Amino acid sequence: MATESLAPVAAITDLILGTLTIILANRAVNHDQHKRFTALLFGWTFIFIGAYYMIISVIELRYPDGVFGWSLIQFGTFSPTGDGTFDALVFILYGLQASINILTLALALHLPFDLGSGRGWNAAIIGGIGVYAIIMPIVVIFGGFSITVIQSFMIFATSAIWAMIYIRGIVAELVHGDEEARSASKGAGLLLIAFYSGTMIWWLSTVMLANNAWFSGVISQMSESSSIFYLLGVETLWLAGLMPLVVVFLGEGYRTFKKGASLLSVVIFVVAVIGFINYFIDIAVTDILVSCYETECKELPAAYRVWETLTTGVLSFLFVPMLFVYILIQYRLIDTSSDENRNLLRIMILLLLLIVSSSFIEMIQSLIPVPQMVTASLLAIAVAFFIGWEERITGWFVEESADGEAVVGDTILAQSFSKFSVMMSVVLVYIITISWLFAAMGVGA
């Protein structure tokens, strides 16, 4: 049973959302400056995530028989193959991942509210993003790919910032009765799920050290022995998913008991259940996973592929972009008051819903032998529903909410918006250029 990769869908979706978000942020000249800049950060994060998934899609298409795993980039277990094109694509992934990491940290410092102040604060953020995104790819390529694991501490720091904001908000709401504090805790919780759900769904495997058992086989194939600092970085990355899940799960569990369920509580409970099941799936396929570094990789069961696609795939590739758009609109990061912006927003929402629904239907067809006429009918029904209910769906996204009032921060110079976009465009071209150049020169081989 073959399952289609959702990476191309995620690439297209994120690139479209990024482009539209940047247009909306630059167009809203009368909108709150802090919210505009935060939306711009979101837009470029979309662009880099979309570019990352696009490179993944190219690798999957061009090298279908190759083994290309998540740990290759996150933990720096890559060894150049001598194939200039393949090595260049992987180098690009390292550069894009570094940019995504620093953009995510910048978002954590700005959303739900600004953690700094003063004109120099925003200038430092912009400068820090540019310097890091330019230097880090060079450090990884020339310093050894395993050095990328030091970014785990930045990833954990970002997770910790949002977790602390969540704790502060949930305590203020449930202990001190401050209802307005819910906006901050909800925003922090949704951002944690949006950026860390990929590691959250392995929370029980982290607690039971099953991740370590799997990764010990991975590092046994590395040419050099791993230092204690490298292993600490690996553990830190797992903790960056475990810690916020525990915090948000306990907070939402208590809040649900006191006040009832919410969007955040439902999503975090689903993620927790998936993580619980994933641990026992790990146990069931341990022998197969071990075979990959002891003898030859055995074929994983078809049921495992189906489960992985319906959980990890749908969560990371289809649900997370919808969550991003919800945060953008619910917290008024983009201006929805003008008719021109509202029309563009309608295009964004409808495109997102149609892409996600059609991809989900096609994915179901690849997993279950459903006649093509049935899936075509389902797609037609989905299109008719979204067009007929377009105004109501858009209204649900942009309904009046006090959440936008939680996003506060200093103003930023008007010319900084265009300069930031130019800088990120240069960074993107720079990453692609140096990756192809150094791969062609055989660096790291």
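498 is the number that the numbering used here gives the last residue of the sequence shown; the numbers go up by one with no jumps. Heads up, the beta-carbon is just placed ideally off N, CA and C, and yes, glycines get one too. Treat the numbers as computed from the prediction; the structure is a model and nothing was measured.
Could you check where the alpha helix (DSSP H) with residue i kicks off and where it finishes?
i, result
"residue 305", "281–312"
"residue 140", "137–161"
"residue 107", "86–115"
"residue 257", "256–260"
"residue 323", "316–337"
"residue 367", "First-last for residue 367: undefined, no H or E at that position."
For residue i and residue j, which I take to be in contact (beta-carbon distance under 8 Å), what is that distance rounded to the nearest angstrom?
i, j, result
"residue 147", "residue 202", "With 8 Å as the limit, residue 147 and residue 202 do not qualify as a contact, their Cβ atoms being about 12 Å apart."
"residue 376", "residue 247", "5 Å"
"residue 405", "residue 354", "The pair is not a contact, with the Cβ atoms about 33 Å apart (cut-off 8 Å)."
"residue 370", "residue 104", "With 8 Å as the limit, residue 370 and residue 104 do not qualify as a contact, their Cβ atoms being about 15 Å apart."
"residue 261", "residue 185", "Actually they do not touch by this definition, with Cβ atoms about 35 Å apart."
"residue 106", "residue 60", "5 Å"
"residue 397", "residue 77", "6 Å"
"residue 295", "residue 259", "5 Å"
"residue 177", "residue 214", "Wrong, their Cβ atoms sit about 16 Å apart, outside the cutoff."
Classify residue i as helix, strand or coil using the three-state DSSP reduction.
i, result
"residue 487", "helix"
"residue 231", "coil"
"residue 82", "coil"
"residue 167", "coil"
"residue 528", "Because the chain is modelled from 54 through 498, residue 528 falls outside the range shown and cannot be assessed."
"residue 472", "helix"
"residue 496", "coil"
"residue 59", "coil"
"residue 239", "helix"
"residue 341", "helix"
"residue 125", "helix"
"residue 353", "coil"
"residue 54", "Low local confidence applies: a pLDDT of 42 at residue 54 is under 50, so the model's placement there is unreliable, with the coordinate-based value given in what follows. DSSP places residue 54 in coil when its eight states are reduced to three."
"residue 198", "helix"
"residue 188", "helix"
"residue 65", "helix"
"residue 131", "coil"
"residue 390", "coil"
"residue 481", "helix"
"residue 397", "helix"
"residue 72", "helix"
"residue 77", "helix"
"residue 464", "coil"
Against chain C, with Cβ distances strictly below 8 Å, would residue i count as a contact?
i, result
"residue 301", "Among the chains of the structure shown, chain C does not appear; only one protein chain is present."
Grab me the residues of residue i's own chain with a C-beta within less than 7 Å of its C-beta, minus the 5 sequence neighbours each way, in chain order.
i, result
"residue 183", "476 and 480"
"residue 473", "93 and 179"
"residue 334", "357 and 360"
"residue 200", "129, 192 and 193"
"residue 102", "67 and 153"
"residue 311", "227"
"residue 109", "60"
"residue 223", "238, 304 and 308"
"residue 301", "219, 242, 245 and 321"
What does a CB cutoff of less than 8 Å around residue i pick up in its chain, not counting 5 residues either side in sequence?
i, result
"residue 324", "246, 250, 253, 254, 298 and 368"
"residue 287", "128, 202, 205 and 268"
"residue 336", "263"
"residue 208", "154, 157, 289, 290 and 293"
"residue 126", "143, 146, 147, 150 and 201"
"residue 470", "78, 79, 89, 90 and 93"
"residue 198", "129, 130, 131, 132, 147 and 497"
Can you find the residues in the same chain that come closer than 6 Å, C-beta to C-beta, to residue i, ignoring five residues on each side of it along the sequence?
i, result
"residue 137", "492 and 493"
"residue 54", "With a pLDDT of 42 at residue 54, under the threshold of 50, the predicted position of this residue should be treated as unreliable, and no value is reported."
"residue 464", "86"
"residue 113", "58"
"residue 307", "none"
"residue 91", "163, 164 and 386"
"residue 364", "327"
"residue 143", "131"
"residue 256", "295, 298 and 328"
**Message:** Would the region 176–189 count as touching the region 124–140 if we require 3 or more Cβ pairs under 8 Å?
**Reply:** no
**Request:** Examine the Cβ distances between the region 155–175 and the region 236–245 and report whether three or more of them are shorter than 8 Å.
**Result:** yes
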